[in-house]
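Below you'll find the structure, written out as C-alpha cells, and then a few comments.
Protein chains: 4
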Amino acid sequence: MNHKRAILLLSCPDNKGLVARISNFISEGGGNIISLNEHVDTLEKTFFFRVVWDMEKFKISEKELENEFRPLAEELDATWQIHFTGQKLRIAVFVSRYDHCLQELLWRQRLDDYPAEIPLIISNHPDARSMAEYHRIPFYVFPIDPENKAAQEEKEIRLLRENNIDTIVLARYMQVLSSTFIDNYPGRIINIHHSFLPAFMGGNPYKQAYERGVKIIGATSHYVTEDLDEGPIIEQDIVRISHRDTTEDLIRKGRDLERIVLARAVYFHAQHRILLNGRKTIVFD
Amino acid sequence: MNHKRAILLLSCPDNKGLVARISNFISEGGGNIISLNEHVDTLEKTFFFRVVWDMEKFKISEKELENEFRPLAEELDATWQIHFTGQKLRIAVFVSRYDHCLQELLWRQRLDDYPAEIPLIISNHPDARSMAEYHRIPFYVFPIDPENKAAQEEKEIRLLRENNIDTIVLARYMQVLSSTFIDNYPGRIINIHHSFLPAFMGGNPYKQAYERGVKIIGATSHYVTEDLDEGPIIEQDIVRISHRDTTEDLIRKGRDLERIVLARAVYFHAQHRILLNGRKTIVFD
Amino acid sequence: MNHKRAILLLSCPDNKGLVARISNFISEGGGNIISLNEHVDTLEKTFFFRVVWDMEKFKISEKELENEFRPLAEELDATWQIHFTGQKLRIAVFVSRYDHCLQELLWRQRLDDYPAEIPLIISNHPDARSMAEYHRIPFYVFPIDPENKAAQEEKEIRLLRENNIDTIVLARYMQVLSSTFIDNYPGRIINIHHSFLPAFMGGNPYKQAYERGVKIIGATSHYVTEDLDEGPIIEQDIVRISHRDTTEDLIRKGRDLERIVLARAVYFHAQHRILLNGRKTIVFD
Amino acid sequence: MNHKRAILLLSCPDNKGLVARISNFISEGGGNIISLNEHVDTLEKTFFFRVVWDMEKFKISEKELENEFRPLAEELDATWQIHFTGQKLRIAVFVSRYDHCLQELLWRQRLDDYPAEIPLIISNHPDARSMAEYHRIPFYVFPIDPENKAAQEEKEIRLLRENNIDTIVLARYMQVLSSTFIDNYPGRIINIHHSFLPAFMGGNPYKQAYERGVKIIGATSHYVTEDLDEGPIIEQDIVRISHRDTTEDLIRKGRDLERIVLARAVYFHAQHRILLNGRKTIVFD
Numbered sequence: 001m002n003h004k005r006a007i008l009l010l011s012c013p014d015n016k017g018l019v020a021r022i023s024n025f026i027s028e029g030g031g032n033i034i035s036l037n038e039h040v041d042t043l044e045k046t047f048f049f050r051v052v053w054d055m056e057k058f059k060i061s062e063k064e065l066e067n068e069f070r071p072l073a074e075e076l077d078a079t080w081q082i083h084f085t086g087q088k089l090r091i092a093v094f095v096s097r098y099d100h101c102l103q104e105l106l107w108r109q110r111l112d113d114y115p116a117e118i119p120l121i122i123s124n125h126p127d128a129r130s131m132a133e134y135h136r137i138p139f140y141v142f143p144i145d146p147e148n149k150a151a152q153e154e155k156e157i158r159l160l161r162e163n164n165i166d167t168i169v170l171a172r173y174m175q176v177l178s179s180t181f182i183d184n185y186p187g188r189i190i191n192i193h194h195s196f197l198p199a200f201m202g203g204n205p206y207k208q209a210y211e212r213g214v215k216i217i218g219a220t221s222h223y224v225t226e227d228l229d230e231g232p233i234i235e236q237d238i239v240r241i242s243h244r245d246t247t248e249d250l251i252r253k254g255r256d257l258e259r260i261v262l263a264r265a266v267y268f269h270a271q272h273r274i275l276l277n278g279r280k281t282i283v284f285d
Numbered sequence: 001m002n003h004k005r006a007i008l009l010l011s012c013p014d015n016k017g018l019v020a021r022i023s024n025f026i027s028e029g030g031g032n033i034i035s036l037n038e039h040v041d042t043l044e045k046t047f048f049f050r051v052v053w054d055m056e057k058f059k060i061s062e063k064e065l066e067n068e069f070r071p072l073a074e075e076l077d078a079t080w081q082i083h084f085t086g087q088k089l090r091i092a093v094f095v096s097r098y099d100h101c102l103q104e105l106l107w108r109q110r111l112d113d114y115p116a117e118i119p120l121i122i123s124n125h126p127d128a129r130s131m132a133e134y135h136r137i138p139f140y141v142f143p144i145d146p147e148n149k150a151a152q153e154e155k156e157i158r159l160l161r162e163n164n165i166d167t168i169v170l171a172r173y174m175q176v177l178s179s180t181f182i183d184n185y186p187g188r189i190i191n192i193h194h195s196f197l198p199a200f201m202g203g204n205p206y207k208q209a210y211e212r213g214v215k216i217i218g219a220t221s222h223y224v225t226e227d228l229d230e231g232p233i234i235e236q237d238i239v240r241i242s243h244r245d246t247t248e249d250l251i252r253k254g255r256d257l258e259r260i261v262l263a264r265a266v267y268f269h270a271q272h273r274i275l276l277n278g279r280k281t282i283v284f285d
Numbered sequence: 001m002n003h004k005r006a007i008l009l010l011s012c013p014d015n016k017g018l019v020a021r022i023s024n025f026i027s028e029g030g031g032n033i034i035s036l037n038e039h040v041d042t043l044e045k046t047f048f049f050r051v052v053w054d055m056e057k058f059k060i061s062e063k064e065l066e067n068e069f070r071p072l073a074e075e076l077d078a079t080w081q082i083h084f085t086g087q088k089l090r091i092a093v094f095v096s097r098y099d100h101c102l103q104e105l106l107w108r109q110r111l112d113d114y115p116a117e118i119p120l121i122i123s124n125h126p127d128a129r130s131m132a133e134y135h136r137i138p139f140y141v142f143p144i145d146p147e148n149k150a151a152q153e154e155k156e157i158r159l160l161r162e163n164n165i166d167t168i169v170l171a172r173y174m175q176v177l178s179s180t181f182i183d184n185y186p187g188r189i190i191n192i193h194h195s196f197l198p199a200f201m202g203g204n205p206y207k208q209a210y211e212r213g214v215k216i217i218g219a220t221s222h223y224v225t226e227d228l229d230e231g232p233i234i235e236q237d238i239v240r241i242s243h244r245d246t247t248e249d250l251i252r253k254g255r256d257l258e259r260i261v262l263a264r265a266v267y268f269h270a271q272h273r274i275l276l277n278g279r280k281t282i283v284f285d
Numbered sequence: 001m002n003h004k005r006a007i008l009l010l011s012c013p014d015n016k017g018l019v020a021r022i023s024n025f026i027s028e029g030g031g032n033i034i035s036l037n038e039h040v041d042t043l044e045k046t047f048f049f050r051v052v053w054d055m056e057k058f059k060i061s062e063k064e065l066e067n068e069f070r071p072l073a074e075e076l077d078a079t080w081q082i083h084f085t086g087q088k089l090r091i092a093v094f095v096s097r098y099d100h101c102l103q104e105l106l107w108r109q110r111l112d113d114y115p116a117e118i119p120l121i122i123s124n125h126p127d128a129r130s131m132a133e134y135h136r137i138p139f140y141v142f143p144i145d146p147e148n149k150a151a152q153e154e155k156e157i158r159l160l161r162e163n164n165i166d167t168i169v170l171a172r173y174m175q176v177l178s179s180t181f182i183d184n185y186p187g188r189i190i191n192i193h194h195s196f197l198p199a200f201m202g203g204n205p206y207k208q209a210y211e212r213g214v215k216i217i218g219a220t221s222h223y224v225t226e227d228l229d230e231g232p233i234i235e236q237d238i239v240r241i242s243h244r245d246t247t248e249d250l251i252r253k254g255r256d257l258e259r260i261v262l263a264r265a266v267y268f269h270a271q272h273r274i275l276l277n278g279r280k281t282i283v284f285d
C-alpha cells in the first residue's frame, strides 16, 4: 500500500519545457506522480521543483536513479537531490538548559510524526541527560569556553561524522557555532529563535519584547548561516499578548510557540519540502 | 511584460503520465509554464490540475486552443475549462440590507484587486441604491414574497443572461434561492455565511454563538447548492471573542470577518483557482 | 517577595456598590489588591468578580477568612469560593490510549507552569503505564465494559476521595462518564474535544471535518455535564488546513491543538480564573 | 435604557485601598458600576484604572463631576480624565495617496462602530477629495515641501483648533510630523505602520519583508512620538504569507491588515480604553 517513493528536489534557471522534460523522465520510466510542486521566482528567473513518484513499477532502480537522472540535470544546469521514503533523516539535536524543544522533538519521533531519527544529543551542559536516557539516546556533553571552543567543535564534528548525521537541530542551544562548523553543514543546521525575526535579534528577545510593549510575540525557525539570526527563515508563528503579561508570561507563552514552530520546520526539512532561494526558503507545504 | 496567459483547470481519473502529457502539450506549442498546481485525491483516485502558461510565443491561438486541447481532454476523460488573463469575470452581486460585503467587493474592484467586474447589483430592498449609484453600477430591486418568488427569479435570470453574468455573489442576500435558480449557475454562486460552518447553520448564527458561549466565531464562504449552508466550502476564518462580547459585539467583529472571507473567496474564484471535488473544494492558493 | 495571596471568586445578583463593599472588606483588613476583574451579564443581571490580594499584612488569618467574609457574601446572595496561592490543585488525569494530552500535562507540571499537581492517573487501558512510571505517578487501570461500568466508577470515586482529588481532567479519555459520576464533581471535570464545538460533536470529528471539507479545524476544552459535548466551553483554538491534508494530517495537526487548548484550560482552572454563568464560562485571563 | 455613563481613566502610584476609595466615591454618589478594569505594573509600582458607571441616578452632575473628583485624585497623585458617553470624539484624518485606511474609517463612522466623528480630512495631495466629498466631509490640501513645512503645519494646527479636533489619525499619511506639531497632541496622534514593529521600521516595509523572506507580515498601530515608529503600540495583527507571494501580494494582503488594525486602535481610543505606561500602552479591551 505504501510503496517506496522517490522525491526529487531541484532548482535551475527558468526555461521553457522544464516540467515536461522532468515529468517525461518519470513517465517514460513508468512512474506515477504522487505529488508535484513548482515555483518560479520571476525576478531571479529561477525554477524550483519538487516531485514525488511511486517507485513500485518504476523501471530505474533506486541505486541507478541518480546516474540516470544526471544527464538531464546537467543539461538544465540544476542543483538537485533525490531521496527515498523509508530513509530516515539522521538528526543530531544540540541543547543547553531549556529542554522543552528537545522534549518536543523526542515526543514527535516517538509518534513517528516525521521520517527522522535522533541517534545522538549533544549539549554544553549535563542537564538534559536524564531525558536522553529515558529515551535511550546517547548523550554527549561538550562544555564550551572561549579557549576550548575550536577543539570541542572539532570533536563534535568527528562524532557527527561517525554517526552519519545529516542534519543538526539547535533546540535552544545557547552557543554560537563557528563559521568553520557551519561550513560543514550548509543548509543543514536548523535553529529556533524565540522572537518574530527580524524583530528582537540577539539575546533576551522576550525581555526586549516586554520593554517595547508589543501586542504579539513570535518564534522563528531558520537555517543557520554565519550571520546570527539572519539565515533563511523556514517557519514562524505568533501568539497574542497584553499588558497583563510579565516577562515570565512571555517566556511561558513563547515556549509553546518555540516547540511548535521548530517541530514544523523539522517536519518540512525531514520530508524534503524545502529549497533554498538565496537567503529565502521555498517551503512546499 | 504582462503578456496574455492561458489558465487550464482540469480534473480527471488519476493515471500515470498525466502531468507529462499535459505539459508536453504546452511545451510542444512553445508555451512557458508560469505556474502549476496538482493534487491527487488518493481515496477517490482523482487528479486535479491547474496550469498557467504564457501565450506570447504559443503557436496555438486563443481562439483555437479549446479545439486543439479537446482530443487530449477526451482521452483523459477530463472535466476542464480554459480561461485567459485579461478576461474579466462578470459578477452580479445580490444584496439585502447589510451592505458591508457589497461595499468591500466594490472597493476591491476599484483597486483592481482581482480580475472581475460588477456590471449590476440586484437586491430585494432599495437600501443599497445610493452606494450602487456612487459606483455607477445599475441597481435592480426585485422584492420577493412567497407568491411572486418564481416569477421574480425568472426575471432575474433573464437580466443576468442579458448581461452575460458568469458568477453570482450573495453578499448577505437574505433570500433563499430556488433549486431552479441554482441549477442555472452550478458552482457559480458564492455565498457568505456568518458562522464557522458547520457550526451554527441557519438563522441568527451570532445569537446562537452568544448563547452557546463559544470563544471563537467564524465566517464561511461557500458555493451554493440546494442544501442550505451545505455547499462546498471555499474559505473560512475566525476571530477570538470573550465573555465581554455581547451579541452586538459579535455582529460588529463578525462583519470584518465576513468581508474579508467573502473577498478572498471571490479572489480565488475570479482567478480560476478553485476546482470542485464532490462537496469539497480544491483551492490552489 | 511572593507572599501568600488570597483569591476570591464570586458571583451574585447585580447591584449598586458591590465593588465598593468587597474592596472595602479587603481594604479595611489592610489587604493590597494585586489584581481585580469584574464582569456584569446585563441580560441576566448577574455580577461576576475575581480579586486577588496580598495576605502579608492582612489582619484576618487564612483560617478565619471564610468565616469573616460569609456575612457579606450572604447579604449579597453570592456564590463564592476563596483560595490561597501556594495551595496546589490536586488533579486526577483520566486517559485511554492517546497519551499526547497526558504528556503535555505532565510536562507542564514539571515546569511548574500552573499551581497543580497530579497525584494519580486513571486509565481504562494499561498503555500509558510506562509514562506514568517515568514521572513516578501512581497509575490505576479500570477496564470498563457495559456490565462493570457502575461498579468501576464507584471504585474510581472512592480512590479519588482517598486522594483528596479536586479536579478531574479527561485527557482524551474515551469513556463516557455516568451522570452519577459527574454529579460528584460539578464544574470540576475538564474535557478536551477534538473539534471546534459545536461543529462535529460526537465520534470521529477529524473524519467528519475531512468529509465536510472545512478549511480550518479546532479543538475545544469544556466542563463536562450530562449532555455530551454540550458543557460550558473554557477555551478553543484552531489551525488552518487545506485540500492537501488527509484525515491522518488532521489528526497530526489536531494533536498539537488539543494539547495546547487543554493545557490552557487547566491553567485557567488551576489559577481559579473561571466562573460559571449557566452553560457559559467567564474566563478572567 | 442607554443612560449617559461616566468613564474615568486614571493612573497613579500603587497603594493600598485605591479600588475601595474610588469605588466608594462612585457608590456614595449612587452610581452603578457598569464595567471596571484594573492593572498594576508591579515593576513600576503604578496603578492603572478604568471604570464606567451609570449617571442616571448619580447625585453629582456631569458638570460638577471633575471638581468633585479632583480632591481624591490629588490625594492619590493621579493622572486622570473623565469622559461621558454620548460625547463623540472629534477626529481629523490625515491621508496621502493610499485611501484604503481613510475609507475604512469613514465606513465605520457611517455604521456608528465607535463614538467618533470626522469633521475634516487633511491631505498633502488632492487624490482623496472625491471620497471626502461623497461623505460630505470638508477636505483640505496642504502640500508639503522642506521649505514650507513649518508654515503649513502651523496652518494645519490652526485649522484643527478651530474645529475642536481632539485626536489625529494618520491613515497612511506619508509625511513626518515635526516635534512641534506632535507636542500639540501628546498621546493623541494615532499612526498605522505597515509592518510588525519593531521589524521593518522606516520606508518600504513590504519590500523589506519580501527580501528578508519572512513567513508572516504584520501591521502596527501606535501613538506618534518624536521617534519615528517608536511610539507606544496600541494594536498589531498579522497574516501568513509564502514564497508564492510577490511584493505586490504583500501590499494587497497587508492592506486588509492595515485597515483592520488601525480601525481597532481608533475603536479603543475613542472608547477611552487606553492608558499610557511610559512607551507602552494598557488597552482595556
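Protein chains in written order, with our numbering: chain Y, 1 to 285; chain C, 1 to 285; chain B, 1 to 285; chain Z, 1 to 285. We treat Cβ as the ideally placed atom computed from N, Cα and C, and that holds for glycine.
Beta-bridge pairing of residue i - partner residues as DSSP gives them
| i | result |
| --- | --- |
| PHE139 of chain Z | Z:ILE121 |
| GLU235 of chain Z | Z:SER221 |
Closer than 8 Å to chain Y by CB, residue i
| i | result |
| --- | --- |
| GLY254 of chain Z | no |
| ILE260 of chain B | yes |
| GLY30 of chain C | yes |
Interface flag, residue i vs chain C, CB-CB below 8 Å
| i | result |
| --- | --- |
| TYR223 of chain Z | no |
| ASN124 of chain Y | no |
| ARG273 of chain B | no |
| ARG136 of chain B | no |
| VAL283 of chain B | yes |
| LYS280 of chain B | yes |
| ILE238 of chain B | yes |
Check: residue i C-beta below 7 Å from any heavy atom of the ligand MG
| i | result |
| --- | --- |
| LEU18 of chain Z | Ligands in the displayed structure: none, and consequently the ligand MG is not present. |
8 Å contact criterion, which residue i and residue j should meet: CB distance rounded
| i | j | result |
| --- | --- | --- |
| GLU230 of chain Z | LYS215 of chain Y | Contact flag wrong, Cβ pair sits at about 15 Å. |
| VAL40 of chain Z | LEU8 of chain Z | Wrong, their Cβ atoms sit about 17 Å apart, outside the cutoff. |
Any chain B beta carbon closer than 8 Å to residue i
| i | result |
| --- | --- |
| HIS243 of chain C | yes |
| GLN103 of chain Y | yes |
| GLY213 of chain C | yes |
Any C-beta of chain Z under 8 Å from that of residue i
| i | result |
| --- | --- |
| ASP229 of chain C | no |
| GLU235 of chain Y | yes |
| ILE216 of chain Y | yes |
In chain order, what residues of the segment 187 to 207 of chain C put their CB closer than 8 Å to some CB of chain B? PHE196, LEU197, PRO198, ALA199 and PHE200
Curious, which full-length beta strand (DSSP E) runs of at least 3 residues does the segment 48 to 104 of chain C contain? 79 to 84 and 89 to 95
Go through the segment 241 to 271 of chain B residue by residue and report every complete run of the alpha helix (DSSP H) that reaches 4 residues or more, in order. 247 to 270
Contained beta strand (DSSP E) runs [length at least 3] in the segment 147 to 197 of chain B, N- to C-terminal order: 167 to 170 and 189 to 193
Compile a chain-ordered list of the residues in the segment 37 to 52 of chain Y whose CB is closer than 7 Å to at least one CB of chain Z. HIS39
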